[in-house]
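For what it's worth, our numbering labels the leading residue of the sequence shown as -9, then goes sequentially.
Where a beta carbon is used, it is the ideal one built from N, C-alpha and C, also for glycine.
As the structure is a computational prediction, the values presented were derived from the model and not from experiment.
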Amino acid sequence: KRRLLGRCSGKRKRNRIKKRSHGRAGRKRRKRRESGTGGKERKYGKERLCGNSAKNDCFINWKAGFEIMHIWGHFKTITKHKLMVMKYCFRIGLYRQGLLHDLSKYSWTEFSVGCKYYQGNRSPNNAEREDTGLSTSWIHHYGRNKHHFEHWVDYGINCDTIIQGVPMPRKYIAEMVMDRICASKVYNPGTYTDKAPLAYFMKSKEKLWFVHKQTNEHLEFLLRMLAEKGEKETLYYIRNVYLKGKEIKN
């Protein structure tokens, strides 16, 4: 009798194992065992990689051939920059612009490109240009943010070029100065000085033919003040003199 019961219980156990090994769930378990994950990691059609070496940043490979996207790293960088610009805009009295600054970076058009080309030490738009010859993210960005040169370009009338720059309002030039200060601090935190934004501007000054002359002069004047007199005095001047519409005296 005991032998018979033992045979029956062994048979039931074998049947349970057999059932578990069949079907969709069984195939998934076998696949996880073969891949070495031990059944602890779940996959939902995407490859998920998380590790301490990347400081808990998670990278998701969405489909074959698609670059690994640094989602968390990019989100931290643009949010840090946005909050810093907001703080600086508040200091010069531009509250609305500080709140709305660079919100388009969280749209899918810009955010997806930023994740794909994220590097942490420079704008991902430059990396996209190097890869494809065109930055769709940048085109989307400057069309929605008035603190960029490119937003203030129109067809020319009675001029030598098809397009030409138009005067940029002072409040957007002031926001651009805050943007440049904060971008230099975010991307070069260890080497930043008050001279860094001016040095970056001077590298490309000769190529900015499409920017209105007055806009170029105002921007260079404010960046020179920052380099020579420091941040505190420059922000005071922008808030109490420049944004009041008073005449600039070199």
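Suppose you measure from the CA of residue i to the CA of residue j; what does that come to, to the nearest Å?
| i | j | result |
| --- | --- | --- |
| Gly88 | Thr205 | 21 Å |
| Val156 | Lys203 | 9 Å |
| Leu209 | Lys239 | 14 Å |
| Pro159 | Tyr78 | 18 Å |
| Lys219 | Glu196 | 25 Å |
| His60 | Asn111 | 13 Å |
| Asp150 | Ile68 | 38 Å |
| Ser125 | Ala117 | 9 Å |
| Gly180 | Ile129 | 30 Å |
| Met192 | Tyr177 | 18 Å |
| Arg86 | His137 | 13 Å |
| Phe80 | Val231 | 16 Å |
| Lys106 | Phe65 | 12 Å |
| Gly133 | Ile153 | 16 Å |
| Glu207 | Asn148 | 22 Å |
| Ser194 | Gly123 | 19 Å |
Within the same chain, show all residues whose beta-carbon is closer than 6 Å to that of residue i, passing over the 5 residues directly before and after it, in chain order.
| i | result |
| --- | --- |
| Leu216 | Asp184, Thr224 |
| Arg119 | Ser125 |
Please return the same chain residues whose Cβ sits closer than 8 Å to the Cβ of residue i, not counting the five positions on each side in sequence.
| i | result |
| --- | --- |
| Asn135 | His91, Asp92, Ser94, His141 |
| Gly83 | Arg229, Leu233 |
| Cys172 | His71, Met74, Val75, Tyr78 |
| Asp121 | Tyr107 |
| Gly235 | Arg160 |
| Tyr190 | Arg170, Ser174 |
Buried or exposed: residue i, going by 16 or more other Cβ atoms within 10 Å of its Cβ?
| i | result |
| --- | --- |
| Gly97 | Per the sequence shown, residue 97 should be read as Ser rather than Gly. Classification for Ser97: exposed. |
| Pro114 | buried |
| Glu237 | exposed |
| Glu221 | exposed |
| Tyr227 | buried |
Are the CB atoms of residue j and residue i within a distance shorter than 7 Å?
| i | j | result |
| --- | --- | --- |
| Glu165 | His131 | no |
| Tyr162 | Ser174 | no |
| Val75 | Phe139 | no |
| Pro187 | Arg214 | no |
| Val143 | Ser127 | no |
| Val167 | Leu212 | yes |
| Tyr108 | Gly63 | yes |
Mapping the DSSP letters down to three states, classify residue i as helix, strand or coil.
| i | result |
| --- | --- |
| His138 | coil |
| Val167 | helix |
| Gln154 | strand |
| His60 | strand |
| Asp184 | coil |
| Val103 | helix |
| Lys234 | helix |
| Tyr145 | strand |
| Trp199 | coil |
| Gly133 | coil |
| Tyr226 | helix |
| Gln87 | helix |
| Lys239 | coil |
| Tyr190 | helix |
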